[in-house]
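2 protein chains.
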Amino acid sequence: MNNFTINLEREDRKIPLYEQIYLFICNEIKSGRLKADEKLPSKRSLAAHLMISLNTVETAYSMLLQEGYIYSAPRSGYYVSRAFVEFSLPEKEPPIEPPASETRTSETRFKYGFLTNTVDTSSFPFKTWAKLGKEVLYSGQSLLSIGDPSGDVTLRESLCKYLREFRAVDCSPSQIVIGAGIEYLLMLLNRIIPHELTFAVEDPGYGKTRAVLLGGRRKLSYIPLDHEGMSPSCLSASGADIAYITPSCQFPTGIIMPVARRLELISWANEYEYRYIIEDDYNSEFNLMGKPIPSLQGMDSDKVIYMSTFSRSLAPSIRIAYMVLPKVLLKDTRDMLSSYSSTVSRFEQNTLARFIDGGYLNRHINRMKTLYRRRKEFFLEYLKPYLEALDITVSGDTAGLHLLLTMPKALAEEVYRRAEANKIKLYRLSEFYAEESDRGRNTLLLGFAGTEKEDLKNAVDLLFGNLQSGPI
Amino acid sequence: MNNFTINLEREDRKIPLYEQIYLFICNEIKSGRLKADEKLPSKRSLAAHLMISLNTVETAYSMLLQEGYIYSAPRSGYYVSRAFVEFSLPEKEPPIEPPASETRTSETRFKYGFLTNTVDTSSFPFKTWAKLGKEVLYSGQSLLSIGDPSGDVTLRESLCKYLREFRAVDCSPSQIVIGAGIEYLLMLLNRIIPHELTFAVEDPGYGKTRAVLLGGRRKLSYIPLDHEGMSPSCLSASGADIAYITPSCQFPTGIIMPVARRLELISWANEYEYRYIIEDDYNSEFNLMGKPIPSLQGMDSDKVIYMSTFSRSLAPSIRIAYMVLPKVLLKDTRDMLSSYSSTVSRFEQNTLARFIDGGYLNRHINRMKTLYRRRKEFFLEYLKPYLEALDITVSGDTAGLHLLLTMPKALAEEVYRRAEANKIKLYRLSEFYAEESDRGRNTLLLGFAGTEKEDLKNAVDLLFGNLQSGPI
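The listed protein sequences correspond, in order, to chains S and R. The first sequence finishes on residue 472 if you use our numbering, and the numbering steps up by one all the way, no holes. The second sequence finishes on residue 1472 if you use our numbering, and the numbering steps up by one all the way, no holes.
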């Protein structure tokens, strides 16, 4: 090959000249027009031929060299690589079209959503959050470097004080691990706790917990609930050694675990050194009846792994959760975490630390509690005539941000059918059992945190209007 | 019990009155002064006795009820729970003090850090990032609700365009999964890819990859490298079916995989339906020699899982990484992800989307490339007299942001000793092998991305000053 004649786009060019040359030669090689071991024109001659600078050709050739399309022989020149030609790409079927299910937002699927994983977004303290975020961003360059895999110590210190004061959690900052969501922290816990131990989970319970643990190949026991929460006799009989519970507000039943049951579970955990209770305090701050219920962790900080999240107290889209580990697990955890990086942006960690330290979190939570309490009262009030007329009983309304409505079976089926027909999202209690069956099909679950009054009214009317009690 | 005499703090009180009453009664029960089934004073009588409102006593009693310290008997009153008294907390050893190893920042441990996981932080576009972040925050409430577990479609669309243009990655937004770091995405991949398949990893290679996969109980094969990267014959012989490689810039050797080797590995992957190559493109944008090397994914998008991160192109503290999955894996992935939540804040996802769409990312990368290229040239120039005098050879300097210096063994030991004595952080190549041995002990690895010129000079002088070649 004496020289290439390349149609270079010289003016107003989108692709730099060196890249045009590189692409041309690549294509000549790939198409087989340039054969293995064929000599390329010298850099100098090609530059002269194309009337471009030597530099430009040098860049193109060095890219070809780097990627192995050509090789150089000392004092001789550049040649097409033989190795390249020996392998060619396999023939392929045309690619499968990606499923068209993708929507831009998941919210559009429902007209009214009685979701359990949502908050009232109109009250978010945008101004404060923006102000603090800006302060953090301008606080210096140190927040750009890689952080502690357990989370920034500033946030862990803020959390520690906050948890002590508001949740009676007994810990030091070194016991806290911050992560992007409870699911992620569970994935870590699954790696910290010996694989041969079985986890006991509440049944009914939170489906994501089950799925995340099963995805980590963890053995699970499903423990039924009685009116006080996870049944200790069933737990003992199960052979499980790690109990995952939601004592402040059992999800989804809303049961608050009484103190005696708490002590009983703590006794169970103390029977063996390797036993632990995981306390998922997802609803921690939102006991609408008064002061938050003190954490289980505060009763035995050596046996309880405490977990919570800011999904409810701030917003589900801000991915900050945390766990508090017993001291005896710290060494193994730290050894493990040295191979992981924190999953939360240091900017957001520090914004949150300032938000907590400045008292904004507490103020926000109090405002939200008032709002949710009023919303719940309104919801119950608006439901009242229907409840009485249709023989519906309400439960779970003490602590949580959803109601459970239990009703005659035929009525539940009709209401559920209406929900589907009117694009109203609600849940059946049966969905939360490990094995879906008829259990709980006549109990409907309606979250009210994210639904405005007008929507509540409209949805309730659509669900229950013009229904009669008794067989339909 | 007729009535309690409680010393209430009535003025300037830190604890609300209802909580003071609650706490008093709790303590009476816990201490045993109030016995099981003992009757509490009626709400009305206690309110009168303490001269407080009935409402206050009602709140305190309802908290005690909620938590199970007391029970109520219809038309009779409130009694101390029997159940509570049956369980008492186990006696405990005093808790172990947490290890004192905790420091506020990890950076303080070194005077000079030739780290490989850092960036030049002085060039971060704070102003633009702050401006875009604020725009996002004020763009509406919709970003507060829970997002798509694969990541926001806005960011996936931006990434898709960006990857097409700059990395020759062939994909649609639906193939992208966004997550808080490569480690997290690997944890997900480990759950997507059947557990019985063995992963092949580069040896030497990135330690965190190995640790994260082993932590997920994945079987690993360690595949040696030749001068073109992972050896295909060793890969074939290993029995592994998933090859994890860093073809654009092998970590830590800096080898750029030639196109023939790429094709050979793709042929290997095409031998069986379940085989895949994971392309970790951590250094994607920073080929300092010119245009980035096109991705392996672009050569066979059905067989390559592409992963990359913004740790290098923005900052390691902003936890945004992504993977591009072959279409055939999408259904299983989406089914699985329905039980997970995204690990990246939607605020930051959307800030990044605007940063990419506005062309800021590309501009920033180009600026950083120039800066790093100059820094590398300066580094090499400043090292030059030492290299020549001490018989040190440089490698890995084509694509990456670190240099490998290979030298006589005794010299390497002396330089490493000096590094430790002077608190200079550098690495030995031997640390990156699956099994640490003498291999690579005479090759030192120095990252230069985060080190300013003056520091480079000082550290190089401390490491190599007044040394002589030959036996020391």
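Virtual Cβ for every residue (Gly too), placed ideally from N, Cα, C.
Quick check: the Cα distance between residue i and residue j, rounded to an integer number of angstroms?
| i | j | result |
| --- | --- | --- |
| A48/S | G1216/R | 58 Å |
| E67/S | I1256/R | 7 Å |
| L34/S | V80/S | 7 Å |
| K14/S | L1143/R | 36 Å |
| D1226/R | Q1250/R | 11 Å |
| Y1018/R | F166/S | 15 Å |
| K423/S | N442/S | 19 Å |
| Y1162/R | R1334/R | 23 Å |
| Y244/S | D391/S | 34 Å |
| I1052/R | K1039/R | 20 Å |
| V460/S | L426/S | 11 Å |
| L296/S | P1232/R | 55 Å |
| D281/S | V328/S | 21 Å |
| V1263/R | E1228/R | The sequence shown places Leu at residue 1263/R, rather than the Val named in the question. So the two alpha carbons sit approximately 12 Å from each other. |
| S106/S | E9/S | Annotation note: pLDDT 45 at S106/S (below 50); position unreliable, coordinate value reported separately. So the two alpha carbons sit approximately 46 Å from each other. |
| S236/S | R210/S | 19 Å |
In chain B, what lies closer than 8 Å to residue i by C-beta?
| i | result |
| --- | --- |
| N1117/R | Judged by its chain identifiers, the structure shown contains no chain B, and its protein chains are S and R. |
Strictly under 8 Å for the Cβ-Cβ distance: is residue i near chain R by that measure?
| i | result |
| --- | --- |
| G494/S | Residue 494/S lies beyond the residue range present for chain S, which begins at 1 and ends at 472; the question has no answer from this structure. |
| Q66/S | yes |
| M230/S | no |
| M336/S | yes |
| G215/S | yes |
Return no unless some Cβ of chain S is closer than 8 Å to the Cβ of residue i.
| i | result |
| --- | --- |
| G1207/R | yes |
| E1507/R | Nothing in the structure corresponds to residue 1507/R, since chain R is present only between 1001 and 1472. |
| I1256/R | yes |
| V1169/R | no |
| V1212/R | yes |
| M1407/R | no |
| V1259/R | yes |
| T1005/R | no |
| M1187/R | yes |
| Y1061/R | no |
| E1102/R | Low local confidence applies: a pLDDT of 47 at E1102/R is under 50, so the model's placement there is unreliable, with the coordinate-based value given in what follows. So, interface residue. |
| R1191/R | yes |
| S1081/R | yes |
| Y1184/R | yes |
| H1195/R | yes |
| Y1069/R | yes |
For residue i, count neighbouring Cβ atoms within 10 angstroms of its own Cβ and tell me buried if that reaches 16, exposed if not.
| i | result |
| --- | --- |
| G440/S | buried |
| H1195/R | exposed |
| T1005/R | exposed |
| L54/S | exposed |
| P1074/R | exposed |
| D37/S | exposed |
| S437/S | exposed |
| N466/S | exposed |
| E381/S | exposed |
| P385/S | exposed |
| S101/S | Since pLDDT at S101/S reaches only 49, below the 50 mark, its modelled position is unreliable, and the value read off the structure follows with that caveat. By the 10 Å Cβ count, S101/S comes out exposed. |
Inset, instruction - Quick one: which residues of the stretch 1273-1300 of chain R get their C-beta closer than 9 Å to a C-beta of chain S? List them in chain order. - result: N1287, M1289, G1290, K1291, I1293, P1294, M1299, D1300
Legend entry - At least 3 beta-carbon pairs within less than 8 Å: the stretch 1202-1210 of chain R vs the stretch 1428-1435 of chain R: When Cβ pairs closer than 8 Å are counted between the two stretches, the stretch 1202-1210 of chain R is seen to touch the stretch 1428-1435 of chain R, the count reaching three or more.
Legend entry - Within 8 Å of chain S by C-beta, residues of the stretch 1119-1146 of chain R in sequence order: Answer set for the stretch 1119-1146 of chain R: V1119, T1121, S1122, F1124, F1126, W1129, A1130, G1133, K1134, L1137, Y1138, Q1141, S1142, L1143, L1144, S1145, I1146.
Inset, instruction - Note down, in chain order, all residues in the stretch 1360-1386 of chain R with a beta-carbon under 9 Å from any beta-carbon belonging to chain S. - result: none
Inset, instruction - Anything in the stretch 1234-1256 of chain R with a Cβ closer than 8 Å to a Cβ of chain S? List those residues in chain order, please. - result: From the stretch 1234-1256 of chain R, only I1256 have a Cβ closer than 8 Å to chain S.
Legend entry - the stretch 140-159 of chain S in contact with the stretch 1306-1325 of chain R per 3-pair CB rule at 8 Å: yes
Inset, instruction - Check each residue of the stretch 387-418 of chain S: if its Cβ is closer than 8 Å to any Cβ of chain R, include it; give the result in chain order. - result: T398, A399
Inset, instruction - Could you run through the stretch 314-344 of chain S and flag, in chain order, every residue whose CB is less than 9 Å away from some CB of chain R? - result: L314, A315, P316, S317, I318, R319, I320, P326, K327, V328, L330, K331, R334, M336, S338, S339, Y340, S341, S342, T343, V344
Inset, instruction - Decide yes or no for the touch test of the stretch 1349-1369 of chain R against the stretch 1124-1141 of chain R: beta carbon pairs closer than 8 Å, at least 3 of them. - result: yes
Inset, instruction - For the stretch 1370-1388 of chain R and the stretch 1182-1197 of chain R, state whether three or more C-beta atom pairs, one from each stretch, are separated by less than 8 Å. - result: no
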